Structures are given as structure tokens and as C-alpha cells.
Amino acid sequence: MNATDTEGGTLTFSLDVAPTGMTINASTGLIQWTPSSTGNYQVTVRVTDLGGLFATQSFTITVNPMLIHIGDLDRNSANIGGNRWRAFVRATVHNGSHALMSGALMSGSWSAGDTNGRTLSCTTDASGTCSVQSGRLNRNTNLSVTFTVNSVTKAGATYQPGSNHDPDGDSNGTSITVPRP
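The opening position of the sequence shown corresponds to residue 416 in the working numbering, with each subsequent residue numbered one higher.
This is the structure in C-alpha cells:
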């Protein structure tokens with residue numbers, strides 16, 4: 416908020432109405448705040464001169480949910496002995512600005528070749544990645560399996576599957592097929 420005193424006096428800024436954690440610099444009027452959740456927040460700023468005269472300005476801040484999506488799916492496979500192999504998928508979760516997202520829960524399922532399409536989930540680490548692995552697959556009957564992302568959840572975020580992508584092109588960002596080794 417910008418304000419000037421017509422008499423050139425000192426002005427003091429304060430908050431009459433503000434969300435929890437919002438502060439204002441009494442000298443400059445600079446507001447600082449980090450929202451903890453989505454929603455609409457009412458703010459009223461008061462500026463007062465040395466004589467006690469004041470003016471207020473009210474406004475609403477709208478905090479929208481952060482958008483997240485799968486930014487990469489990578490695959491790997493390994494023989495695990497006998498006539499068996501295992502598939503591995505690593506997922507990377509981004510926000511709308513393509514920053515890596517830690518703490519996102521990614522859930523997905525394997526094609527019927529793996530224990531009847533069981534659902535698996537993992538939580539992304541500080542590098543925005545997490546991994547899932549298949550059960551033991553038969554080399555003779557399972558030439559490949561496909562992992563499909565069903566959802567990604569994170570507090571304060573909305574999963575946007577239409578934005579899923581994969582920079583190296585080995586998937587569409589939603590499903591990836593893992594061939595046997």
C-alpha cells in the first residue's frame with residue numbers, strides 16, 4: 416500500500432484484518448506472508464499519521480492450489496534368478512513451473528502380468544522422485560509389463576494428469592511399458 420502525508424509527517428502502517436502469520440512493516444507498509452492453505456483471505460491495512468488521522472484499504476488474496484504432474488517416468492528391469500525377472504519404474508513429480516516436488520504420493524498399477532494388476536504407491540523424496548517395483552514375473556509368460564499412474568496427491572496441490580509428460584520419450588508420462596531383460 417502506498418500512502419503519503421500531505422503535511423510530510425511520518426506514517427505508521429498496521430493490519431486491522433489479516434490471516435494468521437501475515438506481518439506488515441510499520442514504517443514501509445511492506446506485507447510479508449506465506450499461506451499455509453488454499454482459500455480466500457481478507458486483509459485490511461491501516462495507515463495512521465502522527466495526528467491520529469488514518470485511512471484503510473481492504474482487499475482479498477486468493478490462494479489457489481498448486482498444480483502437480485508427472486514430469487518423467489523411467490524404466491528398468493533385472494533378472495532375479497531362475498525363470499523370474501522384476502520391473503522397476505521411477506517417477507518424477509513436478510509442479511506447474513517444473514520444480515521438483517518432494518512429499519507427493521504417487522499411486523499406480525501394473526498390468527495384469529504382475530499379480531493381477533496390484534496397486535503400488537511411493538512418496539517422492541527431496542529430488543522429486545520415487546520408485547515402485549513389480550512382483551516376480553515369469554520370463555516365459557511376461558515379455559513386458561506396463562505401469563500406469565493412477566493419481567498423485569500432495570497437501571495443498573491438485574494433480575493435473577493432462578500435463579504429464581516424459582522428456583526422453585520412453586513413456587507418455589502416465590504409462591510406461593517395461594520389457595523383460
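Using N, Cα and C, we set each Cβ at its ideal position, and we do this for glycine too.
Given the structure is predicted, the values throughout are model-derived calculations rather than measurements.
Check, Outcome
"Through-space distance from Asp583 to Ala506, alpha-carbon basis", "13 Å"
"Where the beta strand (DSSP E) through Thr544 begins and ends", "Thr544 to Gln548"
"Leu482, enclosing beta strand (DSSP E) - first and last residue", "Met481 to Gly496"
"Leu426 beta carbon less than 9 Å from that of Thr463", "yes"
"Given 8 Å, three or more beta-carbon pairs between the stretch 545-552 and the stretch 493-505", "yes"
"Residues near Asn553 in its chain [Cβ-Cβ closer than 7 Å; skip 5 each side]", "Asn498 and Arg499"
"Selection from Gly444, Ser442 and Met437 that minimises the alpha carbon distance to Tyr456", "Met437"
"Residue of Ala514, Ala541 and Gln447 minimising C-alpha distance to Thr435", "Gln447"
"Segments assigned beta strand (DSSP E), at least 3 residues, entirely inside the stretch 503-528", "520-525"
"Cβ-Cβ separation, Thr573 to Leu482 (assumed contact under 8 Å), whole Å", "6 Å"
"Closest residue to Asn461 among Thr449, Leu468, Ser429 and Ile476 (Cα-Cα distance)", "Just to set this straight, residue 461 is Arg in the shown sequence, not Asn. Out of Thr449, Leu468, Ser429 and Ile476, Ser429 has the C-alpha closest to the C-alpha of Arg461."
"Buried versus exposed call for Phe562 [16 or more other C-beta atoms within 10 Å across all chains shown]", "buried"
"Three-state secondary structure (DSSP) of Gly577", "helix"
"Spatially closest choice to Thr556 from His580, Thr419 and Arg595, by CA coordinates", "Arg595"
"Beta-carbon proximity list for Phe469, same chain, < 8 Å, skipping 5 on both sides", "Arg461, Val462 and Thr463"
"When Asp431, Asp585 and Ser590 are compared against Gly577, the one with the closest alpha-carbon", "Ser590"
"Distance CB(Ala570)-CB(Gly518) smaller than 9 Å", "yes"
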